[in-house]
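*Asks:*
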Amino acid sequence: MSSGPAPHATSSSSDSAASAAGCRLLLVRHAKAVPKHVAEDFERSLSDRGRADAPETGRWLAESGFEPHLVLCSPARRTRETWELIAPALPDVPPAVYDERLYDAAPDALATVLAEQGAGLSHVMLVGHNTGIHELATSLCGTGPPDLLERLREELPTSGVVVVDLPGGWEDLTPADGHVGHLTAFWAPAHQALSDQ
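Take the sequence shown: its letters are residues 54 to 250, numbered as in our numbering.
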């Protein structure tokens, strides 16, 4: 299937929609990894499908104009490999910070690292793990296209990307407060997507 925009790759506004006072968060779930019995969890590498999907994620980000100024990445092998396969597709590769607090982290821990590391930056990407990254995405997205919001509530597939605009900036990034952001885009590789019916 094509890696271009399709029913499973939808956005509700352009990159210019992020206000100067606010910020844009790109949440990326790592690509498909080998099964848990193959290696200790932290050292699990990407599967063949994951190695094919991650560059497709990078191409979609580049084609859509979603360019982060910083990448925060869990130091687990599968998240590092995901970022390393995404990066070559981006026109300008941002610096990456591998923070151990992001490994298999809960939403509040992810929010803490984002608020700390994102200070002064308007666009930050986080490459992380379920269930934390999915829970963070659903807790933050209060507005957006109803079909995308519903799809996001159901699942965040591997290699999936959630683009959230936060009008209040990183300081308001508190999952406990909930629904402070706008779901601008939600994409996943075609074979990973939920039913478009």
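Glycine included, every Cβ here is placed at the ideal spot set by N, Cα and C.
Note that the coordinates shown come from a computational prediction; the quantities given were computed from them, not determined experimentally.
Taking the straight line between their C-alpha atoms, what separation do you get for Gly-221 and Gly-234?
*Replies:* Working through the sequence shown from its first residue, we reach residue 221 at position 168. Working through the sequence shown from its first residue, we reach residue 234 at position 181. Distance between the alpha carbons of Gly-221 and Gly-234 is about 8 Å.
*Asks:* Closer than 8 Å by C-beta to Gly-231: which residues in its own chain qualify, once you throw out the five before and the five after it? Chain order, please.
*Replies:* As a working mapping, residue 231 is identified with position 178 in the sequence shown. Result list for Gly-231: Ser-192, Leu-193, Gly-195, in chain order.
*Asks:* For Thr-211, which option in Arg-204, Lys-85, Gly-173 has the closest C-alpha, if you only look at C-alpha atoms?
*Replies:* For the purposes of this step, residue 211 is taken as the residue at position 158 of the sequence shown. Minimum Cα distance to Thr-211 is reached at Lys-85.
*Asks:* DSSP state of Leu-155, grouped into three classes?
*Replies:* Within the sequence shown, the letter at position 102 stands for residue 155. Three-state DSSP puts Leu-155 in a helix.
*Asks:* Alpha carbon to alpha carbon, how far is Pro-128 from Ser-101? Give it in angstroms, no decimals.
*Replies:* As a position in the sequence shown, residue 101 is number 48, starting the count at 1. As a position in the sequence shown, residue 128 is number 75, starting the count at 1. Sequence check: residue 101 is Asp here, not Ser. The straight-line gap from Cα to Cα measures roughly 20 Å.
*Asks:* Give the DSSP bridge partners of Leu-79, in chain order.
*Replies:* Indexing the sequence shown from 1 puts residue 79 at position 26. For Leu-79, which the question treats as bridged, DSSP gives the partners Met-178, Val-216.
*Asks:* If you check the beta carbons only, do Leu-125 and Gln-170 fall under 7 Å apart?
*Replies:* In the sequence shown, counting from the first residue as 1, residue 125 sits at position 72. In the sequence shown, counting from the first residue as 1, residue 170 sits at position 117. Yes, the Cβ-Cβ distance between Leu-125 and Gln-170 is below 7 Å.
*Asks:* Whose C-alpha, out of Leu-138, Leu-123, Ala-190, is nearest the C-alpha of Ser-98?
*Replies:* The residue given as residue 98 occupies position 45 in the sequence shown. The shortest Cα separation from Ser-98 among Leu-138, Leu-123, Ala-190 belongs to Leu-138.
*Asks:* Hey, Ala-142 and Arg-112: beta-carbon distance below 7 Å or not?
*Replies:* The count along the sequence shown starts at 1 and reaches residue 142 at position 89. The count along the sequence shown starts at 1 and reaches residue 112 at position 59. Going by C-beta atoms, Ala-142 is nearer than 7 Å to Arg-112.
*Asks:* For Val-180 versus Trp-136, is the C-beta distance shorter than 7 Å?
*Replies:* Start at 1 with the first residue of the sequence shown, and residue 180 comes out as number 127. Start at 1 with the first residue of the sequence shown, and residue 136 comes out as number 83. Yes, the Cβ-Cβ distance between Val-180 and Trp-136 is below 7 Å.
*Asks:* Under DSSP, the alpha helix (DSSP H) around Thr-191 begins and ends at which residues?
*Replies:* For the purposes of this step, residue 191 is identified with residue 138 of the sequence shown, where counting begins at 1. 185-193 is the extent of the alpha helix (DSSP H) around Thr-191.
*Asks:* Take Gly-75 and list the residues in its own chain whose beta-carbon comes closer than 7 Å to its own, dropping the five residues that flank it on each side.
*Replies:* By one-based count along the sequence shown, residue 75 stands at place 22. Here the set comprises Asp-218, Leu-219, Pro-220, Gly-221, Gly-222.
*Asks:* Mind checking whether Asp-106 and Pro-242 have CB atoms under 7 Å apart?
*Replies:* Translated into the one-based positions of the sequence shown, residue 106 becomes position 53. Translated into the one-based positions of the sequence shown, residue 242 becomes position 189. In contact: Asp-106 and Pro-242 (Cβ atoms closer than 7 Å).
*Asks:* Could you tell me the boundaries of the beta strand (DSSP E) in which Val-237 lies?
*Replies:* Taking the sequence shown and counting its residues from 1, the one referred to as residue 237 is at position 184. Note on residue identity: the sequence assigns Thr, not Val, to residue 237. Where Thr-237 is concerned, the enclosing beta strand (DSSP E) stretches over 234-240.
*Asks:* Assuming contact is defined by CB atoms lying nearer than 7 Å, are His-83 and Arg-131 in contact in what I supplied?
*Replies:* Residue numbering aside, residue 83 sits at position 30 when the sequence shown is read from its first letter. Residue numbering aside, residue 131 sits at position 78 when the sequence shown is read from its first letter. Going by C-beta atoms, His-83 is nearer than 7 Å to Arg-131.
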